[in-house]
Structure formats: structure tokens, C-alpha cells
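Residue numbers (this note's numbering): 538 to 805.
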């Protein structure tokens, strides 16, 4: 029997992940997932661990007021309120998308600039300003917040176990930053899924996830693997047309709640 074995949320794009037992879903995926992002103050270009590995050590947790609580070693914690309707809009760029989204204000800007080491701003995306998903996949009106291309990422536990065995040491699931982990399937069974149901919510599997250098960063220490693992091993058996694939991108059809332990049904 397939079951949902883990749930993860990443309130800040490329910040630390939260392990959850249950969570709601809205039209952008998990409630509060990747609704915040750091951008270069001058250019508005988005920042991630790809270029700033220390972001793996930045804790940005969703708080009960709907805002964000920032914390990092050597800096006092800061509660950042959800920007209101009067917040300044800032032009930002994420991959090929440009949009205008609320800026979190100067106090948050000073805090993240101190952490990053250069002028940086914190921005948030409300539902009304969300992007559309990557063209050519899913439906034209599918929406995404600040995730790379799609609202949700699913990985089978058996797929990670297979990879760890090949690498020769345990690989942490958080290296791959999934939202949903499924237990009870064979390794890479998710490659063949088109639609699944978890609880009362149905999901479309729209695209395999291509992986990058971010997977070589230890989520606990922020250090890059000297041997470029697990990317080096993935290249030997999970490369397709020059991309290394691991995990499946999903879009949820409808809203509801998810809880660890829920049964998972493959519909197609």
C-alpha cells in the first residue's frame, strides 16, 4: 500500500525546510510554500543556494500571523509581517519570469542584507500576483508561487534508497527539497504516474524534475560535497537529453488537507 510518509514546506525559496505532520493546500500548492524570496536589491534577480550556499542555513519559518520568522546563527530572530495592500511593489526576476510583488520593508531588507553580505530585499507573492507554470506542461491557468516551475515536488522513498545504495552512503531527502514523499512503491515508480490521489485531493504529474548543483549541498552543514554526490551518481543512470532527473513535479486539482500517513492511490 502506498502512503504519504513525509511532508515538507519551504516558506522562503532556498531557505531551510520545515517538516510537517499536516498542512492545507491552496491553488499554489502547500499553504505558505515558497511564497517568499530573496532578490538582489539592484537587479531584482532572485537568489538561491545555487549561488549562495549559506542560504541552506537560513531559517525562515511560517508564523501564525501569516508572516515569516527569520533566524540565522549570529543574528537576532526577526518576525516579518505579511505585507499589506500599501506595501511597495518591487520588480523581480525569477528565471524567465518578471513580475511585481510586495516588498517586506526596510527592517527585513537590512536583516537579509546582513546575512547575504550585499544589498538584498525580501519579497512575498500573494495569490493574485502568482506566476503561471512552465509553458508546455499542465494547463494554461496552472499557477505557481516562487518554486522553480511547478507548485509541488514528489519523490518516492524507494528512489532515494536506491540512490543512497549506489552512492555508498545515506543521502538526505532534503537535498532534493520535495514537498511529498511516498512510501510503498518500487524505486522510480513515480516516473510512470500521471494522476494520483492523496486523501481527497487529486494531483496531476506534469513533468520530471531536472536536478542541479544544489543537490550537492549538505542541508545540515551547508557544505558542498567534494565528490559532487549525489549528482555524479545520478548522471550515470538518470540522465535524459542532458538533464539529470529525480522526482516528479505535480499540480494539485482542488484544495484540501494532507496528513502524513494518508493512503496514496495512483489513478493513471
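The beta-carbon is built from N, C-alpha and C at its ideal position, and this holds for glycine as well. Bear in mind that the values here come from a model prediction, so they are computed numbers and not experimental data.
contact_flag[the stretch 725-738, the stretch 760-771] where n(CB pairs < 8 Å) is 3 or more: no
Of the residues 684, 669 and 616, the one placed nearest residue 643, counting alpha carbons only: When 684, 669 and 616 are compared, the shortest CA-CA separation from residue 643 is found for 616.
Residue nearest to residue 788 in terms of C-alpha spacing, selected from 650, 690 and 587: 690
Environment of residue 629 [buried if 16+ CB atoms lie within 10 Å]: buried
Among 673, 760 and 583, nearest to residue 636 - alpha-carbon criterion: 583
When 678, 682, 709 and 585 are compared against residue 658, the one with the closest alpha-carbon: 585
Which listed residue (587, 666 and 645) has its alpha carbon closest to that of residue 656: If we check each option's Cα against that of residue 656, 645 comes out closest.
Beta-bridge pairing of residue 653 - partner residues as DSSP gives them: Looking at the DSSP assignment, residue 653 forms no beta bridge with any residue, so it has no partner.
Contact set for residue 553: own chain, Cβ-Cβ below 6 Å, skip 5 residues either direction: 596
When 652, 744 and 717 are compared against residue 686, the one with the closest alpha-carbon: 744
C-beta contact flag for residue 653 and residue 589 at 8 Å: Residue 589 is positioned such that its CB atom lies closer than 8 Å to that of residue 653.
Simplified DSSP state of residue 695, which is helix, strand or coil: helix
Residue 740 and residue 784 closer than 8 Å at C-beta: The answer is no: Cβ separation not under 8 Å.
Environment of residue 603 [buried if 16+ CB atoms lie within 10 Å]: exposed
Whole-angstrom distance between residue 662 and residue 641, CA atom to CA atom: Residue 641 and residue 662 have their C-alpha atoms spaced approximately 10 Å apart.
For residue 571 and residue 545, believed in contact at Cβ under 8 Å, the rounded distance: Between residue 571 and residue 545 the Cβ distance is about 11 Å, and since that is not below 8 Å, they are no contact.
Member of 683, 682, 723 and 539 whose CA lies at the smallest distance from the CA of residue 700: 723
Residue 577 in three-state terms, based on DSSP: strand
Bridge partner(s) assigned by DSSP for residue 566: 563
Residue burial classification, residue 613 (beta-carbon count within 10 angstroms, cutoff 16): exposed
Residue of 549, 558 and 550 minimising C-alpha distance to residue 543: 558
Among 716, 805 and 747, the one whose alpha carbon lies nearest that of residue 556: Looking at the Cα atoms, 716 is the closest of the given residues.
Within 8 Å, strictly: CB atoms of residue 666 and residue 634: no
Run of the alpha helix (DSSP H) containing residue 769, from where it starts to where it stops: According to the DSSP assignment, residue 769 belongs to the alpha helix (DSSP H) that extends over 768-774.
Same chain, Cβ closer than 6 Å to residue 566, five either side skipped, listed in chain order: 688 and 689
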